[in-house]
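Position 38 of the sequence shown, counting from 1, maps to 878 under the working numbering, and the rest follow consecutively.
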Amino acid sequence: MKITTTFACIVGLTASTAFADDHRAAEDQTPTGKFLTAAEVRPILDATKTSWIGVREFNGQDLVYFTHLMSWRCGLYEVHYSINGGDQEAFSIPECPPDIANAMAIPEDAQVYISRELGSVQTVEVSILYDDLGTDVVSFDRAAVLLP
């Protein structure tokens, strides 16, 4: 299984060009016990990098699922991806209000996958921007994340 990772903690707004340059500020990282901050979700996402995405062949298409990241989206500002070394694209993640009952629940109307031509997805690079302005990047080969 080939998965490549790079972790970078940034200062200011020197993040990868994949992230919006909108002058975000680091959020307060006081633990809430509800998994709403980067400090709370980073250890989980670090330990589960092999599960960040999955590729499924379905109905004549490649579906790239971001379900795992959607479940742990609180504590993230942004998710971007690149297919086969192409341009980075944003993957929309719903915000997490501080009074959310279950931070891991994915909203019913949330999109959890993107679709591409069958067999076309060979590699996927995923970049995340945490709400403490830290970043993480993981590259996946199709065979490592192909779902049955």
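All residues carry an ideal CB built from backbone N, CA and C; glycine is no exception.
Would you mind stating whether residue i and residue j have Cβ atoms separated by less than 8 Å?
{"i": "S891", "j": "H908", "result": "yes"}
{"i": "C936", "j": "A943", "result": "yes"}
{"i": "D902", "j": "G959", "result": "yes"}
{"i": "R864", "j": "Y917", "result": "yes"}
With a cut-off of 8 Å on the beta carbons, I'd call residue i and residue j a contact; round off their distance for me.
{"i": "G915", "j": "A878", "result": "4 Å"}
{"i": "I968", "j": "V904", "result": "Contact flag wrong, Cβ pair sits at about 15 Å."}
{"i": "P938", "j": "L876", "result": "7 Å"}
Can you tell me whether DSSP reads residue i as helix, strand or coil?
{"i": "T963", "result": "strand"}
{"i": "S932", "result": "coil"}
{"i": "R896", "result": "strand"}
{"i": "R864", "result": "coil"}
{"i": "T907", "result": "helix"}
{"i": "R982", "result": "helix"}
{"i": "V977", "result": "strand"}
Exposed or buried, which one is residue i when buried takes at least 16 other CB atoms within 10 Å?
{"i": "G894", "result": "buried"}
{"i": "A930", "result": "exposed"}
{"i": "E957", "result": "exposed"}
Keeping to the same chain, check which residues put their C-beta closer than 6 Å to that of residue i; ignore five residues upstream and five downstream.
{"i": "Q951", "result": "none"}
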